[in-house]
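Engineer: Dumping the structure here so I can ask a few things about it.
In this note's numbering, the protein residues as written are 521 to 820.
What follows is the structure in structure tokens.
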């Protein structure tokens, strides 16, 4: 186990195996942003700091702020995330991100809130991510999380690789990757020009054809194995997002969670099961003590 403050020295008897898809309390697409915010709420309770990267940071639906992950994360309390790297191509959404950034209150010194840096990168995430990480590298011991919430095929595999292999030591940047299970077949068959080239850019090689041979949980497992084999993440798990509330309708997409930390699946499972609940007050977060070392170092 590494010496990061996040999820270290986890007792093995406390780490549960990933539940099967139908054993979890299912959430629906309108709750996805809340799921992300809830997981990072647990994340920051342990790390007390961190870097958040969002490859497609604008709101999915204008006017639906409760479905805007970047907003929920930026405004989440406690405000202990220090660095935000927000990428967006759409000009209107860039303006909304700038307004969101400029509207944040200054750090509350009484609450020991750190000074924050919120960087907005206009343009294509696939073009900008390499230069951004080169200009602002993430330290090997820094807790970090990257959301790649593409709509379908917008995130190139090389961009995933850039994030996953950025750190040269310690744990890799955690990834949360959108896979469009509900419409991937239709999308592939609808491509008329340069289909193979487009799909190889998205998937990384010609093995995208395997996606058409399976579906549902089997296809999710194929994506999981790819993240493990290509990048060496220790824990990779799919989280099904349904069409309608309470598991009704079909699975619309999977959010693939990749992390090197043994307790990350436990926290994500809890976040998944509580995405619709009111955030627990601090006195109800005793379960997080399981994931803290006996003595927390002053610096990481």
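For each residue, glycine too, the CB sits at the ideal point set by N, CA and C.
(1) DSSP three-state label for residue 660, please.
(2) Looking at the secondary structure, which residues open and close the beta strand (DSSP E) in which residue 697 lies?
(3) Straight-line CA distance for residue 765 to residue 547?
(4) Note down the Cα distance separating residue 463 from residue 724, rounded to an integer number of angstroms.
(5) Using 8 Å as the cut-off, can you tell me whether the stretch 735 to 745 makes contact with the stretch 770 to 777, which would need three or more C-beta pairs spanning the two stretches below that distance?
(6) DSSP three-state call for residue 543: helix, strand or coil?
(7) Give me the Cβ distance between residue 590 and residue 606, rounded to the nearest whole Å; I'm assuming they're in contact under 8 Å.
(8) Counting beta carbon pairs with one atom in the stretch 596 to 611 and one in the stretch 626 to 644, are three or more of them shorter than 8 Å?
(9) Assuming residue 751 and residue 674 are in contact, meaning their beta carbons sit under 8 Å apart, how far apart are those beta carbons, in whole angstroms?
(10) What is the rounded straight-line gap between the Cα of residue 562 and the Cα of residue 638?
(11) CA-CA distance, residue 790 and residue 671?
(12) For residue 727, count neighbouring C-beta atoms within 10 Å of its own C-beta (all shown protein chains included) and say buried if the count is 16 or more, exposed if not.
(13) Does residue 783 come out as helix, strand or coil in the three-state DSSP assignment?
(14) Roughly how many angstroms lie between the CA atoms of residue 602 and residue 732, to the nearest whole one?
(15) Quick one: what's got a C-beta closer than 8 Å to residue 549's C-beta in the same chain, skipping five residues either side?
(16) Nearest by alpha-carbon distance to residue 705: which of 734, 597 and 794 is it?
Structural biologist: According to the data block:
(1) Taking the chain shown and counting its residues from 1, the one referred to as residue 660 is at position 140. Of the three classes helix, strand and coil, the one that applies to residue 660 here is coil, per DSSP.
(2) As a first step, residue 697 must be located in the chain shown, where it is residue number 177. Judged by DSSP secondary structure, residue 697 falls within the beta strand (DSSP E) whose first and last residues are 694 to 699.
(3) Taking the chain shown and counting its residues from 1, the one referred to as residue 765 is at position 245. Taking the chain shown and counting its residues from 1, the one referred to as residue 547 is at position 27. The alpha-carbon of residue 765 is positioned some 6 Å away from that of residue 547.
(4) Since the first residue shown for the chain is 521 and the last is 820, residue 463 is missing from the structure and cannot be characterised.
(5) yes
(6) By 1-based counting over the chain shown, the position of residue 543 is 23. In this prediction, residue 543 has a pLDDT of 44, which is less than 50 and means its spatial position is unreliable; what the coordinates show is noted afterwards. Looking at residue 543 - three-state DSSP - the assignment turns out to be helix.
(7) The sequence position of residue 590 within the chain shown is 70, counting from 1. The sequence position of residue 606 within the chain shown is 86, counting from 1. That pair is a contact at about 6 Å.
(8) They touch, by the three-pair rule.
(9) Within the chain shown, numbered from 1, the residue matching residue 751 stands at position 231. Within the chain shown, numbered from 1, the residue matching residue 674 stands at position 154. Between residue 674 and residue 751 the Cβ distance is about 20 Å, and since that is not below 8 Å, they are no contact.
(10) Indexing the chain shown from 1 puts residue 562 at position 42. Indexing the chain shown from 1 puts residue 638 at position 118. Using only the alpha carbons, I get a separation of about 21 Å.
(11) Numbered from 1 along the chain shown, position 270 holds the residue referred to as residue 790. Numbered from 1 along the chain shown, position 151 holds the residue referred to as residue 671. Straight-line Cα distance between these residues: approximately 25 Å.
(12) Your numbering for residue 727 matches position 207 in the chain shown. By the neighbour-count rule (16 or more Cβ atoms within 10 Å), residue 727 is not buried but exposed.
(13) As a first step, residue 783 is located in the chain shown; it is residue number 263 there, counting from the start. It is coil, neither helix nor strand.
(14) Your numbering for residue 602 matches position 82 in the chain shown. Your numbering for residue 732 matches position 212 in the chain shown. C-alpha separation (whole angstroms): 41 Å.
(15) Position 29 of the chain shown, counted from the first residue, corresponds to residue 549. Setting aside the 5 residues that flank it on each side, residue 549 is surrounded in the same chain by 761, 762, 763, 772 and 773, each with a C-beta closer than 8 Å to its C-beta; the list follows chain order.
(16) Stepping through the chain shown from its first residue, residue 705 is reached at position 185. When each option's Cα is compared against that of residue 705, the closest is 734.
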